[in-house]
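Chemist: Before we start, here is the structure in question, set down as structure tokens.
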Amino acid sequence: MTTATADKAAFDGRALDLSGKSGARAFKNTLATVLMVLAFVLAMIPLLWILYTVVTKGYHLLLNADWWNQSQRGITVRREGGGAYHAIMGTLIMGLTTAVIAVPIAILGAVYLVEYAKGTRAARVVSFMIDILTGVPSIVAALFIYAVWITVFGFNRVGFAVSLSLVLLMLPVVLRSTEEMLKLVPDELREASYALGVPKWKTILKVVVPTAFGGIVTGVMLGLARVMGETAPLLILVGYSKNINLNPFSGFMGALPTMINQDRNDMALQPANDRVWAAALTLILLVLVLNLLARLIARFSAVKSK
Numbered sequence: 034m035t036t037a038t039a040d041k042a043a044f045d046g047r048a049l050d051l052s053g054k055s056g057a058r059a060f061k062n063t064l065a066t067v068l069m070v071l072a073f074v075l076a077m078i079p080l081l082w083i084l085y086t087v088v089t090k091g092y093h094l095l096l097n098a099d100w101w102n103q104s105q106r107g108i109t110v111r112r113e114g115g116g117a118y119h120a121i122m123g124t125l126i127m128g129l130t131t132a133v134i135a136v137p138i139a140i141l142g143a144v145y146l147v148e149y150a151k152g153t154r155a156a157r158v159v160s161f162m163i164d165i166l167t168g169v170p171s172i173v174a175a176l177f178i179y180a181v182w183i184t185v186f187g188f189n190r191v192g193f194a195v196s197l198s199l200v201l202l203m204l205p206v207v208l209r210s211t212e213e214m215l216k217l218v219p220d221e222l223r224e225a226s227y228a229l230g231v232p233k234w235k236t237i238l239k240v241v242v243p244t245a246f247g248g249i250v251t252g253v254m255l256g257l258a259r260v261m262g263e264t265a266p267l268l269i270l271v272g273y274s275k276n277i278n279l280n281p282f283s284g285f286m287g288a289l290p291t292m293i294n295q296d297r298n299d300m301a302l303q304p305a306n307d308r309v310w311a312a313a314l315t316l317i318l319l320v321l322v323l324n325l326l327a328r329l330i331a332r333f334s335a336v337k338s339k
């Protein structure tokens, strides 16, 4: 047997051996895929069940134009009619106020952690505090703002106080997502900008942030969707009003979570039952719209390579 023939035989033996191992790996891969699909199906069952229940019980009021342009002023739990305009606007106003405060702080904090304080003690302290905020329950944030806003300063219960408590909940979500997006920006882009003599602050503003803009917007929208359904800050920091109030600095305000809470004890009455399910479906639709908007913005604002 020549040397070439021996080498070929040895190579064929290794190929057969590798083929056997690949078969075992293929079986494990198939098993893992099946288990993951089953886990996905099990996770989707309660979600689809909840969505089906909310949609079937709440959709008919949403088909009425009055639901979108009237409030519940003068409507009792036994009386049909009225709408959720006051609650929808209250939810959007408090959510927008929250975003105006939380988003700049979160983005600047993420830029500081990634671009300026990487590996420093200050970065570790900031990261530790953000981790603490991530695990703070909403009622704790609401009680903290109550102690400062009402007990210490003596201000009234208003929608702006709710936004302040929601900032504490939205801030860590947006900061962490922005931080991860900034880390995904290749260092080659930064180095190329520095090589052209561009200052660091302008590199961050013109190169780094635009590159990660889609992911940043997605994180902002997800953070906003996360806080819009919170109920504890609304119950503690502002009273529920059936009237239309568009001023977050004065008076009680309606919101979809507190509208649900208002009628939930009278769900044995059909009008109150219908309003609860319709308000829940409206809140779900608002969150869905925000998520879809985030995906569209992320898709069309992505930096495309030429």
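According to this note's numbering, the stretch in the sequence shown is residues 34 to 339, in order.
Beta carbons are placed, not taken as given, at the ideal position from N, Cα and C, and that holds for glycine.
Please read all numbers here as calculations on a predicted model, not as lab measurements.
(1) Please name the residue in I140, N62, P281 and L201 whose C-alpha comes closest to that of A245.
(2) I need the DSSP call for F333, collapsed to helix, strand or coil.
(3) Within the same chain, show all residues whose beta-carbon is closer than 6 angstroms to that of E113, passing over the 5 residues directly before and after it, in chain order.
(4) Tell me whether the beta-carbon of K151 lies closer than 8 angstroms to the beta-carbon of W310.
(5) If you follow the alpha helix (DSSP H) that F161 is in, where does it begin and where does it stop?
(6) Can you tell me which of G128, A57 and P243 puts its alpha carbon nearest to the alpha carbon of R223?
(7) Going along the chain, which residues of its own chain have a beta-carbon closer than 7 angstroms to the beta-carbon of S171, five neighbours each way excluded?
(8) To test your reading of the DSSP string, which unbroken alpha helix (DSSP H) runs of 4 or more residues are found completely within the region 98-140?
(9) Buried or exposed: where does V136 fall if 16 or more other Cβ atoms within 10 Å of its Cβ makes it buried?
(10) Would you report the Cα separation of L257 and M162, rounded to the nearest angstrom?
(11) Measure the C-alpha to C-alpha separation of G340 and L325 and round it to an integer number of angstroms.
(12) At a cut of 8 angstroms, does the region 288-308 reach the region 269-278 through at least three beta carbon pairs?
(13) Secondary structure at L229, three-state DSSP: helix, strand or coil?
(14) Would you mind working out which of G168, L146 and T184 sits nearest S160, comparing C-alpha positions?
(15) I'd like the list of long-range same chain contacts for V253, defined as Cβ closer than 6 angstroms, with 5 residues on each side in sequence excluded.
(16) Starting from A265, trace the alpha helix (DSSP H) in both directions and tell me its first and last residue.
(17) Quick one: Cα of L229 to Cα of F333, how far?
(18) Could you check if S52 is buried or exposed, using at least 16 other CB atoms within 10 Å of its CB as the buried criterion?
(19) Any idea what DSSP makes of S274, helix, strand or coil?
(20) Whose C-alpha, out of T236, G115, P205 and L129, is nearest the C-alpha of P31?
(21) Among R297, L255, N280 and D307, which has the Cα closest to the Cα of L319?
(22) Over the uninterrupted alpha helix (DSSP H) stretch that includes E213, give me the two end residues.
(23) Can you list, in chain order, the residues of its chain with a C-beta nearer than 8 angstroms to that of N102? Leave out the 5 residues immediately preceding and following it.
(24) Quick check on the DSSP output: the alpha helix (DSSP H) that includes R297 runs from which residue to which?
(25) According to the neighbour-count rule (16 or more other Cβ atoms, all chains shown, within 10 Å of its Cβ), is A194 buried or exposed?
(26) Leaving aside the five residues before and after K216 along the sequence, list all residues of the same chain whose C-beta is less than 8 angstroms from its C-beta, in chain order.
(27) On the criterion of 16 or more Cβ atoms from any shown chain inside 10 Å, does R58 qualify as buried, or is it exposed?
Modeler: In this structure, then:
(1) Counting from one through the sequence shown, the residue named residue 245 turns up at place 212. Answer by Cα proximity: I140.
(2) Position 300 of the sequence shown holds residue 333. Helix.
(3) The sequence position of residue 113 within the sequence shown is 80, counting from 1. Excluding five sequence positions before and after E113, the CB atoms of its chain that fall closer than 6 angstroms to its own CB belong to P304, given in chain order.
(4) Sequence index remark: in the sequence shown, residue 151 carries index 118 (1-based). Sequence index remark: in the sequence shown, residue 310 carries index 277 (1-based). No; because the gap between Cβ atoms is not below 8 angstroms, this pair is not in contact.
(5) In the sequence shown, counting from the first residue as 1, residue 161 sits at position 128. Looking at the DSSP string, the run of the alpha helix (DSSP H) that includes F161 is R154 to T167.
(6) In the sequence shown, the residue the question calls residue 223 occupies position 190. The option with the nearest alpha carbon to R223 is P243.
(7) Numbered from its first residue, the sequence shown carries residue 171 at position 138. Within the same chain, S171 has close Cβ partners L202, E263, A265 and P266.
(8) List check, alpha helix (DSSP H) in window: 99-102.
(9) Within the sequence shown, residue 136 is the residue found at index 103, counting from 1. Under this definition V136 is a buried residue.
(10) What you label residue 257 is simply residue 224 of the sequence shown in a count that begins at 1. What you label residue 162 is simply residue 129 of the sequence shown in a count that begins at 1. Taking C-alpha positions only, L257 is separated from M162 by approximately 20 angstroms.
(11) With the chain represented from 34 up to 339, any question about residue 340 goes unanswered, as that position is not in the structure.
(12) Touching, yes.
(13) The sequence position of residue 229 within the sequence shown is 196, counting from 1. For L229, the secondary structure class from DSSP, reduced to helix, strand or coil, is coil.
(14) As a position in the sequence shown, residue 160 is number 127, starting the count at 1. Of the candidates G168, L146 and T184, L146 places its Cα closest to the Cα of S160.
(15) The residue you call residue 253 lines up with position 220 of the sequence shown. Within the same chain, V253 has close Cβ partners V136 and V207.
(16) Position 232 of the sequence shown, counted from the first residue, corresponds to residue 265. Taken as a continuous stretch (DSSP letters only), the alpha helix (DSSP H) holding A265 covers A265 to L270.
(17) Sequence index remark: in the sequence shown, residue 229 carries index 196 (1-based). Sequence index remark: in the sequence shown, residue 333 carries index 300 (1-based). Approximately 28 angstroms between the Cα atoms of the pair.
(18) As a working mapping, residue 52 is identified with position 19 in the sequence shown. Bear in mind that a pLDDT of 48 at S52, under 50, signals an unreliable position, so the number given afterwards is only what the model happens to contain. Exposed, because fewer than 16 other Cβ atoms sit within 10 Å of the Cβ of S52.
(19) Here residue 274 refers to the residue found at position 241 when the sequence shown is read from its first residue. The DSSP-derived three-state label of S274 is coil.
(20) Nothing about residue 31 can be read from this structure; the chain reaches only from 34 to 339.
(21) Reading the sequence shown from its first residue, position 286 is the one you call residue 319. Per the Cα distances, L255.
(22) Position 180 of the sequence shown, counted from the first residue, corresponds to residue 213. Segment G192 to K216, the alpha helix (DSSP H) holding E213.
(23) Mapped onto the sequence shown, residue 102 falls at position 69. Hits under 8 angstroms: G116 and Y118.
(24) On the sequence shown, position 264 is the one that residue 297 refers to. Where R297 is concerned, there is no enclosing alpha helix (DSSP H), given that its DSSP letter is neither H nor E.
(25) Numbered from 1 along the sequence shown, position 161 holds the residue referred to as residue 194. Flag for A194 reads buried.
(26) Numbered from its first residue, the sequence shown carries residue 216 at position 183. Excluding positions up to five away in sequence, the list reads V147.
(27) As a first step, residue 58 is located in the sequence shown; it is residue number 25 there, counting from the start. Result: exposed.
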